[in-house]
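Enquirer: Sequential numbering of the sequence shown, starting at 1, is according to this note's numbering. Below is one structure. I have some questions about it.
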Amino acid sequence: MDTIDAIHHHRSIRRYRPDLVPDDLLTEILAAGVRASSSGNMQSYSIIVTRDRALREQLYVPHMEQDMVLDAPVLLTFCADFRRMRHWLRLSDAPDNFDNFMSFLIAAIDATLVSQTVALAAEARGLGICYMGSTLANCDQIGRLLRLPPGVMPVVGFSLGWPAEDPAPRDRLPLDGLVHHETYHDYSDERIHEIYRDRERQGWARYMSYPELRARIEGAGVANLAQVYTVIKYTRESHREYSATVLGYLREQGFLH
Ligand SMILES: Cc1cc2nc3c(=O)[nH]c(=O)nc-3n(C[C@H](O)[C@H](O)[C@H](O)COP(=O)(O)O)c2cc1C
């Protein structure tokens, strides 16, 4: 498949066949993934491959009990990692400037770029993936289970395996609502309504099609899709709590000097 067709074919896969991913295939997609650009070619990331069932059972809890952690044969956790580079600096009598927030951001960008390149490589071979935001939200618990030493911080992760579903592609906001030519053009109320019109309809229909979610939406008196996002899915309390977790673990892992 042509690269652009393959990209358009993407959809998150949450149901998996139990079949294993062969070692050579996993190596092939990881080797393709690390061709991603990285800041200064420092490759300030590490990729943790988790296949062990018992470990996935432990990770299931901080991953918010998402079934794909157990059902997919592989879980990949992409970590911001300056530990390896700093070790090399130390051995080379070079100054170490990478214990600060800027270093974390650089490493987090490297980790995210490599994750998406691995994702595309996996999809090109017929595998499916689904990112899990729990990787960052519960980075401290996940970091401890994966035995991450200081200087290493989980950023993004996804399940990987053979799809047992073929979901319809999810909508995207219209391109002209996302792209600004030359300089930023702020949005009028009318423009916002236009950009979100189809999303409001399709997203609402999607959430209401899940009986459990529908009951929560109705129970909370939620009236539209925007309210689903911030009354049900991403509440102020949860975001404050996750912010505190991320900042606390960044401090613990030595990224806030
Ligand atoms: C950083 C990140 C975190 C995500 N976390 C979750 C998650 O925890 N659970 C889940 O089912 N999907 C998760 N997703 C998948 C998104 O819901 C999905 O990409 C989006 O709805 C668009 O659907 P598509 O990927 O099928 O096009 C995540 C995606 C990203 C990029």
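Where a beta carbon is used, it is the ideal one built from N, C-alpha and C, also for glycine.
Assuming G219 is part of the alpha helix (DSSP H), what are its boundary residues?
Expert: P211 to G219
Enquirer: Quick one: what's got a C-beta closer than 7 Å to Y45's C-beta in the same chain, skipping five residues either side?
Expert: F78, C79, A80, D81, A107, D110, A111 and V114
Enquirer: Just tell me which of G40, V74 and A36 has its CA closest to the CA of Y54.
Expert: Checking the sequence, you will find Ala at residue 54 rather than Tyr. It is V74 whose Cα lies nearest to the Cα of A54.
Enquirer: Helix, strand or coil for S137, going by three-state DSSP, please let me know.
Expert: The sequence shown places Ala at residue 137, not Ser. Helix at A137.
Enquirer: My assumption, with CB atoms under 8 Å, is that L173 sits in contact with I48. Please give the rounded CB distance.
Expert: That pair is no contact at about 33 Å.
Enquirer: Compute the beta-carbon to beta-carbon distance between S242 and A137, rounded to the nearest angstrom, for a pair I have assumed lies under 8 Å.
Expert: Note that residue 242 is Tyr in the sequence shown, not Ser. Yes, they are in contact, since the Cβ atoms of Y242 and A137 sit about 4 Å apart, within 8 Å.
Enquirer: Buried or exposed for T235, please, with buried defined as at least 16 other CB atoms from any protein chain shown within 10 angstroms of its CB.
Expert: exposed
Enquirer: On the premise that G33 lies in contact with G151, defined as a C-beta separation below 8 Å, what is that separation, rounded to the nearest angstrom?
Expert: Rounded, the Cβ-Cβ distance is 21 Å, inconsistent with contact.
Enquirer: My parser needs the alpha helix (DSSP H) runs of 4 or more residues fully inside the segment 29 to 80; what are they?
Expert: 53 to 60 and 68 to 71
Enquirer: Tell me which residues share the same chain as L213 and place their Cβ nearer than 6 Å to its Cβ, disregarding the 5 neighbours each side in the sequence.
Expert: Y207
Enquirer: Quick test of your reading: V69 and R90, contact by CB under 8 Å. State the CB separation rounded to the nearest angstrom.
Expert: Taking C-beta atoms under 8 Å as the contact rule, V69 and R90 fail to qualify, at a distance of about 36 Å.
Enquirer: In terms of residues, what are the limits of the alpha helix (DSSP H) holding I106?
Expert: F101 to A124
Enquirer: Counting pairs of Cβ atoms below 8 Å between the segment 114 to 134 and the segment 4 to 19, do you hit three or more?
Expert: Yes, the segment 114 to 134 touches the segment 4 to 19.
Enquirer: For I129, which of helix, strand or coil comes out of DSSP?
Expert: strand
Enquirer: Out of curiosity, what's the CA-to-CA distance linking V118 and I29?
Expert: Each residue's CA atom was taken as its position, placing V118 and I29 some 6 Å apart.
Enquirer: Per the DSSP calculation, P154 is bridged to which residue(s)?
Expert: DSSP links P154 through a beta bridge to C79.
Enquirer: Does the distance from the CB of L225 to the CB of F101 come in under 8 Å?
Expert: no
Enquirer: Can you tell me which residues fall inside 7 Å of ligand 3, judged by beta-carbon distance to its nearest heavy atom, and keep chain order?
Expert: You won't find ligand 3 in this model; what it holds is ligand 1.
Enquirer: Grouping DSSP H, G and I as helix and E and B as strand, with all else coil, what is S238?
Expert: helix
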